[in-house]
């Protein structure tokens, strides 16, 4: 079985492009041209130069000695938190802004949950001198205030989504409505491996730099390119897609996808899509999503704004349903405990999204000889108010 996208835009039963007619021209233009543009030597040269000299790649692969002793294995952290803007999101926005320029687009829109993708989009728009509008759930605007301030300072207009749960799903809805109303001059920089084809594949390709670096970095440190286990958090799942990408077809590497269980899988306040979800269509692709029997979206919940989404990307749906990836659901409290453990053992404050990945260690079977890579997808500055509340409780 193959786990990359097919020519129709599907990963097994998941994917495709289920879109309103008014978006067909935009999506079709992207589908026809994204691979061609990405393969152009001048595109690659400009992107690689920016990734190196602007973003700060390669990010380190750090052997976490004290964390390794704590768990009794060999744990390496892929330090995406050290990228410019503080997360993996910039890998994708650099690629997409260069693509948008070559398509002649002058206006950029984006959706964001935790705010990291919004900051990364606002950053590249400032770099390239393009108009930027970021849609963000009203609740997320409140709980991720530092990132909202950063976006505004970078010149972006932050538009609150006030419908539904007022979180990431609703911000995405608003961004899609904007694109329908402005189809000619606007490019929508989707921040994760979600949405209609070619977005899941395009975003995964831009994030694949993570696993590309992991291979040679592991070889330098261990003598082998392959880890035994890769762990990454999954909301939409772009950081996980990047960490898995060059290992998808190698079954010797275990892939672990960590979702947000919120207050508990059966609490009614959760975002554990792999457990609670069924096949359906959301934001232009067929995937697993939390929905009622008649197809109405069930509102998700997570303490982590970036994982507070009722679906997962079609790549991850296929990986989990096929058994290629293992899904683990982590509660808010478990994520907070893991964040403080990492901080106090290694002096690294993770984003709440990344903290979920670290919490999965206590549910995994592994040996003292295993080499485990955890994708540290973002830094925790944006979540300090949540961490402080935990300290004071």
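Numbering (the numbering used here), first residue to last: 103 to 495.
Note that beta-carbon positions come from the ideal geometry of N, C-alpha and C, so glycine has one too.
What you are looking at is a predicted structure, and each value in this text was computed from that prediction instead of being measured.
DSSP puts residue i in a beta bridge; with which residues?
| i | result |
| --- | --- |
| residue 237 | 213, 261 |
| residue 112 | 117 |
| residue 164 | 179 |
| residue 254 | In the DSSP output, where bridge partners are listed per residue, residue 254 has none listed. |
| residue 381 | 390 |
| residue 289 | 210 |
| residue 413 | 391 |
| residue 248 | DSSP output for residue 248 lists no bridge partner at all. |
| residue 481 | 452 |
Taking the continuous beta strand (DSSP E) assigned at residue i, which residues delimit it?
| i | result |
| --- | --- |
| residue 356 | 356-364 |
| residue 331 | 331-335 |
Quick one: grab the DSSP three-state call for residue i.
| i | result |
| --- | --- |
| residue 393 | strand |
| residue 296 | coil |
| residue 401 | coil |
| residue 428 | strand |
| residue 189 | strand |
| residue 353 | coil |
| residue 171 | helix |
| residue 204 | helix |
| residue 159 | coil |
| residue 197 | helix |
| residue 326 | coil |
| residue 66 | As displayed, the chain neither begins before 103 nor continues past 495, which places residue 66 out of reach and without an answer. |
| residue 267 | coil |
Can you give me the start and stop residues for the alpha helix (DSSP H) that residue i sits inside?
| i | result |
| --- | --- |
| residue 307 | 301-309 |
| residue 179 | Not the alpha helix (DSSP H): residue 179 falls in the beta strand (DSSP E), residues 176-181. |
| residue 473 | No alpha helix (DSSP H) holds residue 473; the beta strand (DSSP E) holding it covers 473-478. |
| residue 226 | 218-230 |
| residue 445 | 434-448 |
| residue 371 | Here residue 371 belongs to no alpha helix (DSSP H), and DSSP marks it neither H nor E. |
| residue 125 | Note, residue 125: premise wrong, no alpha helix (DSSP H); not H, not E. |
| residue 469 | Counting along the chain, residue 469 falls outside any alpha helix (DSSP H), and DSSP gives it neither H nor E. |
| residue 143 | 143-152 |
| residue 105 | Premise fails: residue 105 is in no alpha helix (DSSP H) and is neither H nor E. |
| residue 346 | 340-346 |
| residue 488 | 486-494 |
| residue 277 | 270-283 |
| residue 456 | 454-461 |
Going by the beta-carbon positions, is the gap between residue i and residue j smaller than 8 Å?
| i | j | result |
| --- | --- | --- |
| residue 569 | residue 339 | This structure does not reach residue 569, given that the chain is present from 103 up to 495, and the question cannot be answered. |
| residue 343 | residue 311 | no |
| residue 79 | residue 209 | It is not possible to answer for residue 79, since the shown part of the chain is limited to 103 through 495. |
| residue 422 | residue 376 | yes |
| residue 357 | residue 347 | no |
| residue 366 | residue 455 | no |
| residue 400 | residue 177 | no |
| residue 198 | residue 291 | yes |
| residue 238 | residue 260 | yes |
| residue 349 | residue 373 | no |
| residue 482 | residue 432 | no |
| residue 385 | residue 480 | no |
| residue 213 | residue 258 | no |
| residue 263 | residue 247 | no |
| residue 327 | residue 321 | yes |
| residue 163 | residue 180 | yes |
| residue 478 | residue 183 | yes |
| residue 362 | residue 459 | no |
| residue 329 | residue 473 | yes |
| residue 103 | residue 424 | yes |
| residue 188 | residue 299 | no |
| residue 413 | residue 370 | no |
For residue i and residue j, which I take to be in contact (beta-carbon distance under 8 Å), what is that distance rounded to the nearest angstrom?
| i | j | result |
| --- | --- | --- |
| residue 223 | residue 236 | 6 Å |
| residue 453 | residue 492 | Not really, about 15 Å apart at Cβ, beyond 8 Å. |
| residue 407 | residue 288 | Actually they do not touch by this definition, with Cβ atoms about 25 Å apart. |
| residue 448 | residue 240 | Not really, about 35 Å apart at Cβ, beyond 8 Å. |
| residue 120 | residue 383 | 5 Å |
| residue 430 | residue 360 | 5 Å |
| residue 215 | residue 411 | 7 Å |
| residue 302 | residue 392 | Rounded, the Cβ-Cβ distance is 19 Å, inconsistent with contact. |
| residue 427 | residue 440 | No, residue 427 and residue 440 are not in contact; Cβ-Cβ is about 20 Å, not under 8 Å. |
| residue 129 | residue 201 | Actually they do not touch by this definition, with Cβ atoms about 14 Å apart. |
| residue 469 | residue 175 | 7 Å |
| residue 434 | residue 364 | 6 Å |
| residue 114 | residue 420 | 4 Å |
| residue 137 | residue 196 | Rounded, the Cβ-Cβ distance is 17 Å, inconsistent with contact. |
| residue 194 | residue 309 | 6 Å |
Is there a C-beta anywhere in chain D that falls below 8 Å from the one on residue i?
| i | result |
| --- | --- |
| residue 404 | Protein chains in the displayed structure number just one, and chain D is not present. |
Let me check you understand the geometry: is the CB of residue i closer than 7 Å to at least one non-hydrogen atom of the ligand NAD?
| i | result |
| --- | --- |
| residue 332 | The ligand NAD is not part of this structure, which contains no ligands at all. |
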